[in-house]
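Visitor:
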Amino acid sequence: MFRKTCVASSALVLLAAGLSGCGGDSGGSTTLTYYIADAAQEDVATRCASESGGAYAFNIQRLPNTAAGGREQLLRRLAAEDRSMDIVSVDPPFMAEFANAEFLRPFTDSERQEFSRGVLEGPLLQSTFRDTLYSAPLYGNTQLLWYRKSVLAKAGVDPSKGPVTWDQLIKGATQAGVTLAAQGRRNESLMVWVNALVSSSGGSILQAGSENLPAAEVKGGLDSPAGAAAARIMHDLAVSPAAPAGFSTAGEEDSRAAFQAGNGGYMVNWPYVWAAFDSAIEEGTLPANFKDDVGWAAYPRVEAGTESAAPSGGLGLSVSAFSRRQDLAVEAIRCLVSAQSQKEFMIKAGNPAALAAIFDDPEIREKFPMADEIRTGLDAATPRPVSPYYGDVTGSIQTAFHPPDALSPGTTPREANQLLEDVLSNKRLI
């Protein structure tokens with residue numbers, strides 16, 4: 009049995025007299041329980057509730073700050089048909105899993121047109137399952153290659169002059185005695201890296217059409233040249249002098265710390281790091297001119313002549329299939345994902361908007377000088393597999409591709425593919 013608790017938030021002060029905020033209201037209540045994944049979502053919710061003129065208010069509930077933790081909490085509540093849930097923030101890879109289980113209300117055709125208009129390709133693809141929109145994109149995300157300008161001459165690798173490959177970066181960083189930071193930790197960030205490498209090689213983790221098959225019939229695509237390329241690059245970086253200390257346990261913040269260190273050189277990471285540099289400067293942990301030495305470029309290529317497939321991330325807002333206030337929830341989502349809201353969220357949280365037009369806003373361009381690169385990356389980004397079995401897919405990949413220094417292009421792709429198919433067929437556990 010789940011214990012429901014009220015969460016104090018600025019939005020709750022907007023409740024009409026007589027309403028309570030624990031989500032157990034009757035169908036006629038105007039209080040929407042909104043599960044958020046980022047504190048900045050609460051500020052937008054407060055404004056939207058105020059602008060609604062009393063049409064709705066929010067009971068804000070915070071999700072755990074990890075992708076796996078958020079999935080687990082939502083999955084347990086939705087599986088229990090918790091009718092107190094109205095709007096849920098869904099990490100895109102898990103959307104198909106929830107949709108397939110009929111936990112989410114599909115948006116109507118007219119709503120799909122409305123919430124798709126002007127949205128970049130990456131965020132839109134990962135919000136759709138079996139040609140149905142289940143999440144309204146709140147923001148998108150993609151990784152860039154970040155570099156320290158001061159190391160370029162010694163490294164002999166200058167991303168500002170054109171696309172660079174992983175091999176060039178590993179060699180150049182080693183030559184310059186600096187680090188190339190990536191996420192080698194066994195969690196979702198590792199899955200992001202594997203998917204980007206495989207996709208950049210023209211491959212895919214799952215074979216086409218797998219989203220429409222029973223789990224036991226799904227076939228992996230890792231036992232391929234693309235899978236071998238991913239394993240080789242990850243291994244080569246992990247065993248090179250360019251790998252930061254603790255590489256196999258490094259997440260995004262560990263990568264940022266390595267990049268900010270005295271021997272930092274290159275890093276792949278999400279755009280939030282630009283605002284994080286400002287915070288570190290304000291705290292006095294970075295020199296005031298640190299950002300003058302930072303450049304950015306498109307995600308590294310696997311092969312020089314083939315464009316990279318940058319990671320795709322973000323957040324979507326979905327309506328619980330068990331909500332008593334579904335129409336009202338859709339109305340609220342219109343405000344929560346509006347252009348104004350996405351701009352506010354990008355400025356405060358540093359997470360890129362899903363709407364292409366936001367990147368032309370003068371205030372956004374001033375705060376994010378890499379706005380064009382982010383928009384281009386989002387439009388060409390490759391989502392992780394859109395699969396109703398994504399939990400098993402990512403668990404298998406994280407197991408098979410970790411630790412990076414133990415990978416082999418000759419054996420890892422085959423073993424990873426077998427593990428993936430065995431797990432989906434309930435022949436093995438992870």
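Note that the sequence shown covers residues 9 to 438 in this note's numbering.
Beta carbons are placed, not taken as given, at the ideal position from N, Cα and C, and that holds for glycine.
Bear in mind that the values here come from a model prediction, so they are computed numbers and not experimental data.
Going by other Cβ atoms of all chains shown within 10 Å of its Cβ, with 16 needed for buried, is residue 449 buried or exposed?
Guide: Since the first residue shown for the chain is 9 and the last is 438, residue 449 is missing from the structure and cannot be characterised.
Visitor: If you measure between the beta carbons of residue 417 and residue 239, is that distance less than 8 Å?
Guide: yes
Visitor: From this set, 218, 155 and 421, which residue's C-alpha is nearest residue 409's C-alpha?
Guide: 421
Visitor: Any chance the segment 277 to 291 sits against the segment 210 to 222, with 3 or more Cβ pairs inside 8 Å?
Guide: no
Visitor: Excluding the 5 residues flanking residue 202 on each side, which residues of the same chain have their C-beta closer than 6 Å to its C-beta?
Guide: If we look at residue 202 and ignore the five residues flanking it on each side, its Cβ neighbours are 238, 405 and 409.
Visitor: If you measure between the beta carbons of residue 100 and residue 134, is that distance less than 8 Å?
Guide: yes
Visitor: Under three-state DSSP, which class holds residue 102?
Guide: helix
Visitor: Can you tell me the Cα-Cα spacing of residue 2 and residue 67, whole angstroms?
Guide: In the structure as shown, the chain starts at 9 and stops at 438, and residue 2 therefore has no counterpart that could be examined.
Visitor: Looking at the unbroken alpha helix (DSSP H) that takes in residue 236, where does it start and where does it end?
Guide: Taken as a continuous stretch (DSSP letters only), the alpha helix (DSSP H) holding residue 236 covers 233 to 246.
Visitor: Report buried or exposed for residue 191, applying the criterion of at least 16 other Cβ atoms within 10 angstroms of its Cβ.
Guide: buried
Visitor: Taking contact to mean at least 3 C-beta pairs separated by less than 8 Å, is the segment 107 to 127 in contact with the segment 80 to 92?
Guide: A contact exists between the segment 107 to 127 and the segment 80 to 92.
Visitor: May I have the straight-line CA-CA distance separating residue 54 from residue 392, to the nearest angstrom?
Guide: 32 Å
Visitor: Give the straight-line distance between the Cα atoms of residue 34 and residue 332, rounded to the nearest whole angstrom.
Guide: Legend: pLDDT at residue 34 = 39, less than 50; position of this residue unreliable, no value from coordinates given.
Visitor: Just verifying my parser: in three-state terms, what is the DSSP assignment at residue 313?
Guide: In the structure shown, residue 313 falls within a coil segment according to DSSP collapsed to helix, strand and coil.
Visitor: Expressed to the nearest angstrom, what Euclidean distance is found between the alpha-carbon atoms of residue 262 and residue 280?
Guide: 14 Å
Visitor: Who does residue 390 pair with in a DSSP beta bridge?
Guide: 319
Visitor: Whose C-beta lies closer than 7 Å to the C-beta of residue 78 among residues of the same chain, with five residues either side of it excluded?
Guide: 45, 71, 72 and 99
Visitor: Touch check for the segment 338 to 358 and the segment 161 to 178: three-plus C-beta pairs under 8 Å?
Guide: no
Visitor: If you scan the segment 126 to 182 from start to end, which runs of the alpha helix (DSSP H) of 4 or more residues do you find wholly inside it?
Guide: 129 to 133 and 160 to 163
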